[in-house]
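Below is one structure, written out as structure tokens; comments come after it.
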Amino acid sequence: MQPPVTNAPTPATGTAATAYRFSGMPSHVKNAVRMIQPFYSENSTVDKARAFWDAFERATVGLDESLRLSAFRECLKGKPGEEWWMYSRIEDFETLRVRFHNQFICLTPLQMIERLKNTKRSRGMSAEVWGDLIQGLCDEAQCFDPRMRY
Numbered sequence: 006m007q008p009p010v011t012n013a014p015t016p017a018t019g020t021a022a023t024a025y026r027f028s029g030m031p032s033h034v035k036n037a038v039r040m041i042q043p044f045y046s047e048n049s050t051v052d053k054a055r056a057f058w059d060a061f062e063r064a065t066v067g068l069d070e071s072l073r074l075s076a077f078r079e080c081l082k083g084k085p086g087e088e089w090w091m092y093s094r095i096e097d098f099e100t101l102r103v104r105f106h107n108q109f110i111c112l113t114p115l116q117m118i119e120r121l122k123n124t125k126r127s128r129g130m131s132a133e134v135w136g137d138l139i140q141g142l143c144d145e146a147q148c149f150d151p152r153m154r155y
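The opening position of the sequence shown corresponds to residue 6 in the numbering used here, with each subsequent residue numbered one higher.
Here it is as structure tokens:
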């Protein structure tokens with residue numbers, strides 16, 4: 006007699022990937038992770054990265070390091086962040102804290118200018134929101150050239 010066929014979730018399958026990443030997490034941890042606002046790495050600002058990190062750190066205090074890392078991975082969205090995670094070797098929470106800070110919170114002036122130049126307006130984004138985003142990036146980069154702002 007053959008064992009019953011099950012559709013076990015795999016890392017490569019759509020919604021099953023979420024179940025896969027959550028596997029092994031106690032339900033209270035799953036619920037806590039779902040309550041944390043995801044970090045969208047594309048077009049993020051230093052303020053948004055800092056706010057995300059502060060909320061994430063508070064929400065995961067007391068969790069085992071491996072659960073904290075899994076929870077962080079679940080909250081990370083956007084191609085730049087996912088590529089950063091994929092090519093990083095992060096095995097403990099302190100390493101994650103330092104590297105997240107270096108990658109998303111503490112940018113060099115040249116990185117900030119490059120980020121400003123590469124920022125694209127999302128479809129459906131209002132002119133007001135777009136202007137606020139560019140102004141925030143200019144302020145962070147300490148770029149006072151009016152041509153970069155408008």
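Even for Gly, the Cβ is constructed at its ideal location relative to N, Cα and C.
Beta bridge counterpart(s) of residue i as assigned by DSSP
i	result
Y45	K82
Buried versus exposed call for residue i [16 or more other C-beta atoms within 10 Å across all chains shown]
i	result
G86	buried
S46	buried
M40	exposed
M30	buried
V66	exposed
C143	buried
S131	exposed
R3	Absent from the model: residue 3. The displayed extent of the chain is 6 to 155, so no value can be given.
S71	exposed
L68	buried
Contact with chain D by residue i, beta-carbon distance below 8 Å
i	result
L138	In the displayed structure, chain D is absent; only one protein chain is listed.
CA-to-CA distance, residue j to residue i, given in whole angstroms
i	j	result
F148	S32	The displayed chain sequence assigns Cys, not Phe, to residue 148. Spanning the two alpha carbons is a distance of roughly 46 Å.
P114	R126	22 Å
I118	D150	11 Å
D59	I139	24 Å
C111	V51	7 Å
W42	G141	Before going further, note that residue 42 is Gln rather than Trp in the sequence given. The straight-line gap from Cα to Cα measures roughly 20 Å.
E96	S75	11 Å
E145	S49	12 Å
N36	E79	12 Å
R152	K122	11 Å
*Decide yes or no for the touch test of the stretch 95-110 against the stretch 126-145: beta carbon pairs closer than 8 Å, at least 3 of them.*
No: the two stretches stay apart, fewer than three of their Cβ pairs being nearer than 8 Å.
*Can you list the beta strand (DSSP E) stretches of 3 or more residues lying completely in the stretch 47-126, in chain order?*
Listed in chain order, there is nothing to give.
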